[in-house]
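Inspection log for the structure reproduced underneath, given as structure tokens.
Number of protein chains: 2
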Amino acid sequence: MSASTKLYTAVRSLVHLAETHPAPQSSAQISEVTGIHSSKIRKLLSFMVKGNLVSSEKGNNGGFILNKAPKQITLQEIYCDIEDRKAFHLDVSQKYKKSKETEDFNKYFLGLFSDIQIQIESKMSKITLADILKNFNKTTSFKK
Amino acid sequence: MSASTKLYTAVRSLVHLAETHPAPQSSAQISEVTGIHSSKIRKLLSFMVKGNLVSSEKGNNGGFILNKAPKQITLQEIYCDIEDRKAFHLDVSQKYKKSKETEDFNKYFLGLFSDIQIQIESKMSKITLADILKNFNKTTSFKK
DNA sequence: TTTATATGTTACACATACTGTAACAATTGG
DNA sequence: CCAATTGTTACAGTATGTGTAACATATAAA
Chain A
385 MSASTKLYTA
395 VRSLVHLAET
405 HPAPQSSAQI
415 SEVTGIHSSK
425 IRKLLSFMVK
435 GNLVSSEKGN
445 NGGFILNKAP
455 KQITLQEIYC
465 DIEDRKAFHL
475 DVSQKYKKSK
485 ETEDFNKYFL
495 GLFSDIQIQI
505 ESKMSKITLA
515 DILKNFNKTT
525 SFKK
Chain B
385 MSASTKLYTA
395 VRSLVHLAET
405 HPAPQSSAQI
415 SEVTGIHSSK
425 IRKLLSFMVK
435 GNLVSSEKGN
445 NGGFILNKAP
455 KQITLQEIYC
465 DIEDRKAFHL
475 DVSQKYKKSK
485 ETEDFNKYFL
495 GLFSDIQIQI
505 ESKMSKITLA
515 DILKNFNKTT
525 SFKK
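Top to bottom, those sequences are chains A and B. For the first sequence, position 27 (counting from the first letter as 1) is numbered 411 according to our numbering, and the numbering increases by one without interruption. For the second sequence, position 15 (counting from the first letter as 1) is numbered 399 according to our numbering, and the numbering increases by one without interruption.
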């Protein structure tokens with residue numbers, strides 16, 4: 385999955401969890417809402433479980449539960465949980481011996497790309513799950 | 385090539401053209417400087433020829449020539465010439481019939497990702513080839 | 001204790017994309 | 001005509017992504 389598709393799917397899952405909180409939602413249920421295969425949902429949500437955005441329970445009547453108030457969940461947090469690789473990273477081939485010049489250019493672009501990455505994440509950190517719920521006229525039953 | 389690698393290679397090529405202007409530089413010469421295969425250089429620079437950043441001449445003593453003053457070439461321009469796909473684009477699968485809900489979410493994320501894209505390009509539009517030359521203590525023989 | 005249901009992870013076949021290189025037509029200057 | 005060069009196509013080999021299935025582990029309820 386591309387970074388954007390992952391973020392999209394993650395947000396849709398979290399929106400569903402916010403709406404149905406605190407009833408645990410199985411990957412099968414989320415799959416029905418989002419149209420994504422349940423196995424992928426599980427894989428994606430497992431990252432957010434590790435990041436503590438979501439908790440999970442196995443067994444009968446188990447599933448995934450939102451772990452934080454929608455107001456306190458930013459897109460940036462979600463993004464960081466599910467994405468290992470940065471959107472704008474430098475992956476110049478390491479196969480060949482690099483000249484001094486090449487190394488210097490690498491450094492320059494690494495700096496530039498991390499600046500860009502910071503801007504992306506700063507933009508994302510200003511948008512919360514609550515904002516998205518509001519945008520779609522959805523309400524959350526999450527009680528702090 | 386990833387977007388970042390393409391940008392990196394393009395800039396290195398343009399830096400070389402700025403330094404050697406107005407002598408045409410062949411893909412073989414640029415390849416020696418950047419360590420990238422000449423065929424890739426040609427492919428990448430052909431986009432910038434179409435975008436008018438660079439002009440090219442075939443035949444003996446031909447090659448690529450910088451077409452604009454380094455001060456007037458921004459990273460954003462280079463990026464747009466060589467990159468068809470946007471860095472942060474939504475490629476949700478179109479295979480399955482989309483629900484109304486899915487379409488609405490798509491629209492929301494398309495908007496968000498294009499906002500992010502604008503920020504990326506705005507950052508890039510503030511950096512010129514001349515800035516990069518200066519950063520590496522290189523001079524250009526480009527005469528306006 | 002047994003059964004049903006979930007997560008979390010692994011596996012796998014298939015498809016798609018990327019990579020590095022070669023080849024070659026078209027073009028140009030000498 | 002010849003040598004050099006761009007611009008494009010081709011291609012084999014590799015890597016990556018995709019969709020799905022399978023299953024060990026865990027849990028709650030009967």
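No residue lacks a Cβ here, since even glycine has one placed at the ideal position from N, Cα and C.
Quiz item: Shorter than 9 Å from the beta carbon of residue 477(B) to some beta carbon of chain A?
Solution: In this predicted model, residue 477(B) has a pLDDT of only 49, less than 50, meaning its place in the structure is not dependable enough to derive any value.
Quiz item: Skipping 5 residues on each side, what residues in its chain have a beta carbon closer than 6 Å to that of residue 440(A)?
Solution: If we look at residue 440(A) and ignore the five residues flanking it on each side, its Cβ neighbours are 433 and 448.
Quiz item: Given that residue 523(B) touches chain A, what residues does it touch there, using C-beta distances under 7 Å?
Solution: In chain order: nothing, as chain A lies at least about 15 Å away.
Quiz item: Cβ atoms of residue 506(A) and residue 460(A): under 9 Å apart, would you say?
Solution: Their beta carbons are under 9 Å apart, which means residue 460(A) touches residue 506(A) by this criterion.
Practice problem: Please go through the same chain and pick out, in chain order, the residues whose beta-carbon is closer than 6 Å to the beta-carbon of residue 388(A), but skip the five residues on each side of it. | Solution: Listed in chain order, the non-local C-beta contacts of residue 388(A) below 6 Å within the same chain number zero, local neighbours out to five positions each way being set aside.
Quiz prompt | Of the listed residues 517(A), 502(A), 493(A) and 458(A), nearest to residue 511(A) (C-alpha basis) | solution = When only C-alpha atoms are compared, the closest one is 458(A).
Quiz item: Would you say residue 432(A) faces chain B, with C-beta separation under 9 Å as the test?
Solution: Not one chain B Cβ lies under 9 Å of residue 432(A).
Practice problem: Going by CA-CA distance only, name the one from 398(A), 521(A) and 405(A) that's closest to residue 431(A). | Solution: The residue with the shortest Cα to Cα distance from residue 431(A) is 398(A).
Quiz prompt | Spatial neighbours of residue 414(B) in its chain, beta-carbon cut-off 6 Å, leaving aside the 5 residues before and after | solution = These residues qualify, in order along the chain: 397, 400 and 425.
Quiz prompt | With 16 other Cβ atoms within 10 Å as the buried cut-off, status of residue 403(A) | solution = With 16 or more other CB atoms across the displayed protein chains lying within 10 angstroms of its CB, residue 403(A) is buried.
Exercise. Rounded to whole angstroms, what's the CA-CA distance from residue 477(B) to residue 407(B)? Just pull it up for me.
Key: No answer about residue 477(B) holds up, because its pLDDT of 49 lies below 50 and its placement is not dependable.
Practice problem: Can you tell me which of the three DSSP states residue 439(B) falls into? | Solution: Under the three-state reduction of DSSP, residue 439(B) is assigned to strand.
Quiz item: Using CA coordinates, which residue listed in 453(A), 444(A), 423(A) and 427(A) is at the minimum distance from residue 437(A)?
Solution: Nearest C-alpha to residue 437(A) among 453(A), 444(A), 423(A) and 427(A): 453(A).
Quiz prompt | Candidates 502(A), 392(A) and 484(A), of which the one nearest residue 419(B) by Cα | solution = Out of 502(A), 392(A) and 484(A), 484(A) has the C-alpha closest to the C-alpha of residue 419(B).
Quiz item: Which chain B residues sit within Cβ distance under 8 Å of residue 492(A)?
Solution: Against residue 492(A), the close residues of chain B are 516, 519 and 520, in the order they occur along the chain (beta-carbon pairs closer than 8 Å).
Quiz item: Does any residue of chain A bring its CB to less than 9 Å from the CB of residue 526(B)?
Solution: Proximity of residue 526(B) to chain A, defined by a Cβ-Cβ separation below 9 Å, is not satisfied.
Quiz item: Given that a residue counts as buried once 16 or more other Cβ atoms are within 10 Å of its Cβ, and exposed if not, what is residue 412(B)?
Solution: Counting of Cβ neighbours within 10 angstroms places residue 412(B) among the exposed residues, the total staying below 16.
Quiz item: Can you tell me where the alpha helix (DSSP H) with residue 500(A) in it begins and where it stops?
Solution: For residue 500(A), the enclosing alpha helix (DSSP H) covers residues 484-509.
Quiz item: DSSP on residue 523(B), reduced to helix/strand/coil?
Solution: DSSP, read as helix, strand or coil, puts residue 523(B) in coil.
Quiz prompt | Any chain B beta carbon closer than 9 Å to residue 388(A) | solution = Output row for residue 388(A): interface = yes.
Quiz item: What residues from chain A crowd round residue 486(B), counting only those whose CB sits closer than 7 Å?
Solution: Within chain A, the residues 419 have their CB atoms less than 7 Å from the CB of residue 486(B), given in chain order.
Quiz item: What first and last residue would you give for the alpha helix (DSSP H) that runs through residue 466(A)?
Solution: Secondary structure note for residue 466(A): its alpha helix (DSSP H) is the uninterrupted segment 459-466.
Quiz item: Grouping DSSP H, G and I as helix and E and B as strand, with all else coil, what is residue 391(A)?
Solution: The answer is helix: DSSP assigns residue 391(A) an H, G or I state.
Exercise. Measure from the C-beta of residue 468(A) to each C-beta in chain B and report whether the shortest distance is under 9 Å.
Key: Chain B places no beta carbon closer than 9 Å to that of residue 468(A), leaving this residue out of the contacts.
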